Amino acid sequence: MTSRALPVEALLVVDVQAAAVSGDRAVPEADRLVDRTADLIARARRDGALVVHIQNDGKPGAGDESHTPGWELHHPVETGPAEAVIRKTVDDGFHGTSLGGLLTDSGVRALAICGVMSEMCVQATARTALARGYRVVMPHDAHATHDIPAAPGISDVVPAAAVSRVAEWALGSELEVVAHAADVAFTALPRLR
57 MTSRALPVEA LLVVDVQAAA VSGDRAVPEA DRLVDRTADL IARARRDGAL
107 VVHIQNDGKP GAGDESHTPG WELHHPVETG PAEAVIRKTV DDGFHGTSLG
157 GLLTDSGVRA LAICGVMSEM CVQATARTAL ARGYRVVMPH DAHATHDIPA
207 APGISDVVPA AAVSRVAEWA LGSELEVVAH AADVAFTALP RLR
């Protein structure tokens, strides 16, 4: 874990959708997550970094089923050359989407990732970003998940905070984990400098 990361050119906001941060399906401490992701988005915009909202198209009946209230992005999107929405149908935000091309075309070499669910979509997207050679920063207090239910004969309930920490740890030593969203610094995209 590092105290403050070098600046990044992009912010990936993974699945911060209504169903994940409000109502009975919200992650624990959803208010904290919303506060931290809003701060990251505001600072990335202010500094000229690319902001990418990744939106999951859930299956029928899921809380984030496409075009239902739970599917809506929580944070407003600002139109312009430095902000985009990428829709996905699997955990990895790169798989079958234009995310890789967008990052390449924008000249991004380093990015921060926040959102939900730590051990699923956040981790899968971070893993692919690392495999593609990006420097990846993950603020510990800006991603979240649910408790893992008890499994008789296997384990008690695994608290959400532990699941999130394990998700970071499993990504290996190349991932730069910072304690707080405030520890992430942004810089303008090369084409906007």
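Mind the numbering: the sequence shown is residues 57 to 249 in my numbering, read in order. Virtual Cβ for every residue (Gly too), placed ideally from N, Cα, C. A quick note: this is a predicted structure, and the numbers were derived from the prediction, not measured.
One alpha carbon belongs to A168, the other to G209, and they sit about 38 Å apart. Annotated as proximal: H202 and V83, with beta-carbon spacing under 8 Å. R191 and G163 have their C-alpha atoms spaced approximately 13 Å apart. Rounded to whole angstroms, the Cβ separation of V69 and G171 is 5 Å, and the two are in contact under 8 Å.
Sequence-distant Cβ neighbours of R143 in its own chain, meaning closer than 6 Å and more than five residues away, are Q111 and D113. By the 16-neighbour rule on beta-carbons within 10 angstroms, P116 is exposed. For the pair H151 and V214, the Cα-to-Cα distance works out to about 29 Å.
For the pair R88 and G157, the Cα-to-Cα distance works out to about 31 Å. Taking the Cα of W225 as reference, the smallest distance to any Cα among H123, R165, S211 and Q179 is reached at Q179. Among the bridge pairs identified by DSSP, R143 is matched with Q111. Boundaries of the alpha helix (DSSP H) harbouring A74: A74 to V77, taken from the DSSP string. Counting only runs of at least 4 residues, the stretch 155-220 fully encloses the following alpha helix (DSSP H) elements, listed from N- to C-terminal order: 155-161 and 179-187.
For secondary structure counted as the beta strand (DSSP E) over 3 or more consecutive residues, the stretch 87-136 holds these complete runs in sequence order: 106-112. Assigned with DSSP and collapsed to three states, V83 falls in coil, not helix or strand. In this structure, the beta-carbon distance from L129 to V72 falls below 8 Å.
In this structure, S78 is the residue among L227, S78 and A61 with its C-alpha nearest to the C-alpha of V90.
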